[in-house]
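Q: Can you read through this structure? Questions will come right after.
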Amino acid sequence: MKPSHIEHIGLAVRNLEESIRYWEDVFGLQCYRVEEVADQKVRTAFFKIGDTKIELLESMDAEGPVARFIEKKGEGVHHIAFAVDNINKALRDAEEKGIDLIDAAPRPGAEGLQIAFLHPKSTHGVLTELCSKSADEK
Numbered sequence: 001m002k003p004s005h006i007e008h009i010g011l012a013v014r015n016l017e018e019s020i021r022y023w024e025d026v027f028g029l030q031c032y033r034v035e036e037v038a039d040q041k042v043r044t045a046f047f048k049i050g051d052t053k054i055e056l057l058e059s060m061d062a063e064g065p066v067a068r069f070i071e072k073k074g075e076g077v078h079h080i081a082f083a084v085d086n087i088n089k090a091l092r093d094a095e096e097k098g099i100d101l102i103d104a105a106p107r108p109g110a111e112g113l114q115i116a117f118l119h120p121k122s123t124h125g126v127l128t129e130l131c132s133k134s135a136d137e138k
């Protein structure tokens with residue numbers, strides 16, 4: 001597996017609208033997309049900084065993974081996402097190297113990407129997301 005770049009950094013937030021205002025007012029960034037990802041129980045907002053994005057994540061469910069994260073650790077960095085050409089191959093490579101997978105197969109994520117997460121227990125405490133434009137290549 002060789003990522004091409006950091007796709008985005010995911011930040012868990014309690015209030016999406018307040019957080020959007022912060023990034024726009026303090027840094028002068030423009031939120032270019034707000035999207036609901038129902039299967040992950042989140043609303044997301046995106047900002048672009050060079051080739052990297054900041055993704056804000058607000059839980060839509062008090063029992064959802066982002067809500068549980070905030071309950072345990074507070075708002076802040078939730079995950080780092082790497083762009084890969086072939087997400088299925090990247091998952092196989094990670095598993096062959098002993099990395100525990102949260103997602104054994106890619107699933108739809110925000111912005112039409114295919115995503116899969118690696119478990120932080122085997123990534124030195126960092127929730128790591130892999131992203132690809134498609135999951136066609138097996």
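For the sequence shown, the residue numbers in the UniProt record's numbering are 1 to 138. C-beta: ideal position from N, C-alpha, C; glycine also.
1) Output the boundary residues of the beta strand (DSSP E) element that contains Ser-59.
2) Beta-carbon separation of Glu-58 and Leu-16 under 9 Å?
3) What residue does the beta strand (DSSP E) around Ala-12 start on, and which one ends it?
4) Go to Glu-129, then tell me how far its alpha helix (DSSP H) extends in each direction, as first and last residue.
5) Based on DSSP bridge pairs, tell me the residues matched to Gln-114.
6) If distances are taken between C-alpha atoms only, which option among Ala-104, Ile-6, Ala-90, Arg-43 comes closest to Val-13?
7) To which residues of the same chain is Asp-39 closer than 8 Å at the C-beta, ignoring the five residues directly before and after it?
A: Let's see:
1) DSSP places Ser-59 inside the beta strand (DSSP E), whose first and last residues are 52 to 59.
2) Yes. Within cutoff.
3) Under the DSSP assignment, Ala-12 falls in the beta strand (DSSP E) whose first and last residues are 5 to 13.
4) According to the DSSP assignment, Glu-129 belongs to no alpha helix (DSSP H) but to the beta strand (DSSP E) extending over 128 to 132.
5) Gln-114 pairs with Pro-108, Ser-132.
6) Closest option to Val-13, Cα to Cα, is Arg-43.
7) Excluding sequence neighbours, Asp-39 sits near Arg-107, Pro-108.
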